[in-house]
Amino acid sequence: MKYESNFRKTVKKFFRRKLAVVGLVICLVMLFVAIMGPSLSSYSPSETVVEDRYQPPSSVHLFGTDDLGRDMFARILDGARITVAVGVGSTCIALVAGTLLGLLAGFFGGVFDTVISCFMDALWAFPAIILALAINTVLGPSLLNIFIAIGVVYIPDFFRIVRSRTITIRELEYVIGARAIGQNSISILWHYVLPNMSSTLIVQTTLCCAKAVIAEASLSFLGLGVPLPMASWGSMLKSGYPLLERAPWLSLFPGICIMLLVLGLNFLGDGLRDALDVRIRDD
Amino acid sequence: MKQETNQEYLLEIKDLTTAFLFDGKPVPVTVNVSYGIKKGEILGIVGESGSGKSVTVKSVLRLLPSPPSSILNGEIYFHGQNLLTLKEKEMQKIRGNKISMIFQEPMTSLNPVYTCGNQITETIMLHQHLSKEEALKKAARMLDLVGIPAPESRLKSYPHQLSGGMRQRVMIAMALSCEPELLIADEPTTALDPTIQAQIITLIKELRDSIGLSVMYITHDLAVVAEICDRVVVMYAGMVMEIAEIRDLFHAPLHPYTQGLMQAMPRINQQSEMLYNIPGMVPHATQMPTGCRFQPRCPYATEVCSQACPELVDAGDGHMVRCFHYEKLRKERVQNG
Chain A
1 MKYESNFRKT
11 VKKFFRRKLA
21 VVGLVICLVM
31 LFVAIMGPSL
41 SSYSPSETVV
51 EDRYQPPSSV
61 HLFGTDDLGR
71 DMFARILDGA
81 RITVAVGVGS
91 TCIALVAGTL
101 LGLLAGFFGG
111 VFDTVISCFM
121 DALWAFPAII
131 LALAINTVLG
141 PSLLNIFIAI
151 GVVYIPDFFR
161 IVRSRTITIR
171 ELEYVIGARA
181 IGQNSISILW
191 HYVLPNMSST
201 LIVQTTLCCA
211 KAVIAEASLS
221 FLGLGVPLPM
231 ASWGSMLKSG
241 YPLLERAPWL
251 SLFPGICIML
261 LVLGLNFLGD
271 GLRDALDVRI
281 RDD
Chain B
1 MKQETNQEYL
11 LEIKDLTTAF
21 LFDGKPVPVT
31 VNVSYGIKKG
41 EILGIVGESG
51 SGKSVTVKSV
61 LRLLPSPPSS
71 ILNGEIYFHG
81 QNLLTLKEKE
91 MQKIRGNKIS
101 MIFQEPMTSL
111 NPVYTCGNQI
121 TETIMLHQHL
131 SKEEALKKAA
141 RMLDLVGIPA
151 PESRLKSYPH
161 QLSGGMRQRV
171 MIAMALSCEP
181 ELLIADEPTT
191 ALDPTIQAQI
201 ITLIKELRDS
211 IGLSVMYITH
221 DLAVVAEICD
231 RVVVMYAGMV
241 MEIAEIRDLF
251 HAPLHPYTQG
261 LMQAMPRINQ
271 QSEMLYNIPG
281 MVPHATQMPT
291 GCRFQPRCPY
301 ATEVCSQACP
311 ELVDAGDGHM
321 VRCFHYEKLR
331 KERVQNG
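For the protein sequence lines, the chains are A and B, in the order given. The numbering used here applies: residue 1 is where the first sequence begins, and numbers increase by one. The numbering used here applies: residue 1 is where the second sequence begins, and numbers increase by one.
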């Protein structure tokens, strides 16, 4: 009862920010498309019509057709599923693992911190794509393995931020105060340390989503992305690349979609950060 | 020495030596600190910054991070139970429940992401088996007790929406919400302006009278001590220098350091002149002088002071002092009237 009014305030605060609402709408549309997939179009994403190759965008083929005469709009709708899944899935892996390890390492310090920090530094020293490539090669091509490969690559990003924030917050008086009222370490981490770094985490999460989408595109370009019958926006962008002069729309539309998704995520993230931070005035 | 008075203390600290790591080596920052607090008493703990006041009381609740801190020696008895040998789980049941603490900086002592009501009820629900609704009711009662107007609506406020004095009141409400027997107040009014300070002090006194709370009041402000305390412990460089009833301490301080502190206090009935100032500084824990720790700054120091550290002795009526020359100070006072 008491806390509902604060929740409503937060929601109001969020909707007062136009960019946040734009971000939310973009993300919701993307999610909707990802769920509905090609059923939104009358064309099949895999049906090849040889006489319709390289059709520019028109009222018949909204986004044109590709080198095999497949309808690009249907393919984009189809690819949304993979792209969104990879972005969200691998970010979840990085977020959960990185945050957990960062909290523990930062809060308890000691040998555990030293070992994990060294390991994370080592992980960070690899160029992201090389590492994802290596993991993907070892695990073999499948959608789940793409999640894992990209997720693992971004664990250190979360780990470092969370660890340093934890070390700062750990020393603040309200954490000592929490101990003084008899809270245990787990409760302090969950109720005191974690919520106080939520703004940092939200921004990092949306950024990571965006980076994961791009990483997946790079992997696809190298032939180590999602296995072939599946297609993501990244792989479409890359496969359209050699035909850029002949049929620019093959790369243009997937590119625009990736950009929109990333932009939407960033707007949403910024809006959430402002709305959830109780210290930012609501008007 | 004073073992025989054991029973009357609610909490007794005995020979507590706490060390911190300096360059990898543990260096004691408090040495053989011993004092006790009686039920319903307000005990002042006075001393300059770095004298070990906070370290001692944080050791009581075992709030010091280890490493870098470690307790080398000593016992802390609460109801006859040595707190230093308790398991962390058992300690958590004491913190906030039997002994609670309020801090110097009310602006940062509350979790900024939760409402005041949320934080108080959390403390209550942690230690007492109450439903959320009952806890909320109790939280409102506590806010009312500490003099916050419209407590029901204040429960929904976030810490940043309250002033410093209000936040300190919320802290006190939180600290008292489980009816602790002992409240440790670590310079609770230092960061507040004088009118609010007076209100908080009055509040603590009222709570002592109404609910029989014992309070350990840490401060470096002798005016506050005079206002609120029954007995005072004077600390210097990690050692207890003097323990006395408030009247004795102000009328007849027996330690040169206490005397220096008194003289350094501005008085309203005195012509304005240069305030007295104890020469020198508190020595760093790694560079303690030999003998008495106050000896390099002491106007009464003689050769014996640099050779041995005086014991804390009873100078009569439970007035404890750690000085070779306290008789001389007493005589001087008698002569000067």
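C-beta: ideal position from N, C-alpha, C; glycine also.
Reduced DSSP category for residue i - H, G, I as helix; E, B as strand; rest coil
i, result
"residue 183/A", "coil"
"residue 274/B", "coil"
"residue 177/A", "helix"
"residue 156/A", "helix"
"residue 9/B", "strand"
"residue 33/B", "strand"
"residue 82/B", "strand"
"residue 38/B", "strand"
"residue 114/B", "coil"
"residue 277/A", "coil"
"residue 158/B", "coil"
"residue 1/A", "With a pLDDT of 36 at residue 1/A, under the threshold of 50, the modelled position of that residue is not reliable, and the figure given next carries that caveat. Of the three classes helix, strand and coil, the one that applies to residue 1/A here is coil, per DSSP."
"residue 267/A", "helix"
"residue 241/A", "helix"
"residue 178/B", "coil"
"residue 220/A", "helix"
"residue 209/B", "helix"
Residues sharing a beta bridge with residue i, DSSP
i, result
"residue 314/B", "320/B"
"residue 231/B", "43/B, 245/B"
"residue 95/B", "99/B"
"residue 19/B", "28/B, 70/B"
"residue 186/B", "218/B"
"residue 14/B", "75/B"
"residue 43/A", "BP columns for residue 43/A are empty, so no partner."
"residue 65/A", "71/A"
"residue 240/B", "235/B"
Among the options, the one whose alpha carbon lies nearest that of residue i
i, options, result
"residue 91/A", "206/A, 114/A, 10/A", "206/A"
"residue 19/B", "153/B, 74/B, 319/B", "74/B"
"residue 333/B", "250/B, 284/B, 312/B", "250/B"
"residue 20/A", "189/A, 261/A, 269/A, 174/A", "269/A"
"residue 207/B", "231/B, 146/B, 197/B, 49/B", "146/B"
"residue 160/B", "137/B, 186/B, 113/B", "113/B"
"residue 230/A", "134/A, 180/A, 7/A, 74/A", "74/A"
"residue 45/B", "38/B, 254/B, 54/B", "54/B"
"residue 223/A", "114/A, 96/A, 133/A", "133/A"
"residue 171/A", "217/B, 309/B, 108/B, 297/B", "108/B"
"residue 110/A", "65/B, 76/B, 93/B, 60/B", "65/B"
"residue 158/B", "16/A, 194/A, 266/A, 276/A", "276/A"
"residue 142/B", "155/B, 132/B, 279/B, 131/B", "155/B"
"residue 259/B", "129/B, 102/B, 297/B", "297/B"
C-beta neighbour in chain A for residue i, strict 8 Å
i, result
"residue 56/B", "no"
"residue 194/B", "no"
"residue 190/B", "no"
"residue 103/B", "yes"
"residue 213/B", "no"
"residue 109/B", "yes"
"residue 59/B", "no"
"residue 128/B", "no"
"residue 100/B", "yes"
"residue 174/B", "yes"
"residue 92/B", "yes"
"residue 17/B", "no"
"residue 158/B", "yes"
"residue 113/B", "yes"
"residue 302/B", "no"
"residue 95/B", "yes"
Residue-chain proximity (residue i, chain B), Cβ-Cβ < 8 Å
i, result
"residue 269/A", "no"
"residue 262/A", "no"
"residue 278/A", "yes"
"residue 16/A", "no"
"residue 69/A", "no"
Cβ-heavy atom distance, residue i to the ligand SAM, below 7 Å
i, result
"residue 12/B", "Among the components of this structure there are no ligands whatsoever, and the ligand SAM is therefore not found."
Rounded Cβ spacing between residue i and residue j (contact assumed at less than 8 Å)
i, j, result
"residue 77/A", "residue 40/A", "5 Å"
"residue 233/B", "residue 224/B", "The pair is not a contact, with the Cβ atoms about 14 Å apart (cut-off 8 Å)."
"residue 47/B", "residue 300/B", "That belief does not hold up - the Cβ atoms of residue 47/B and residue 300/B are roughly 19 Å apart, past 8 Å."
"residue 127/B", "residue 89/A", "Contact flag wrong, Cβ pair sits at about 42 Å."
"residue 119/B", "residue 111/B", "6 Å"
"residue 159/A", "residue 98/A", "4 Å"
"residue 253/B", "residue 262/B", "6 Å"
"residue 213/A", "residue 79/A", "Between residue 79/A and residue 213/A the Cβ distance is about 11 Å, and since that is not below 8 Å, they are no contact."
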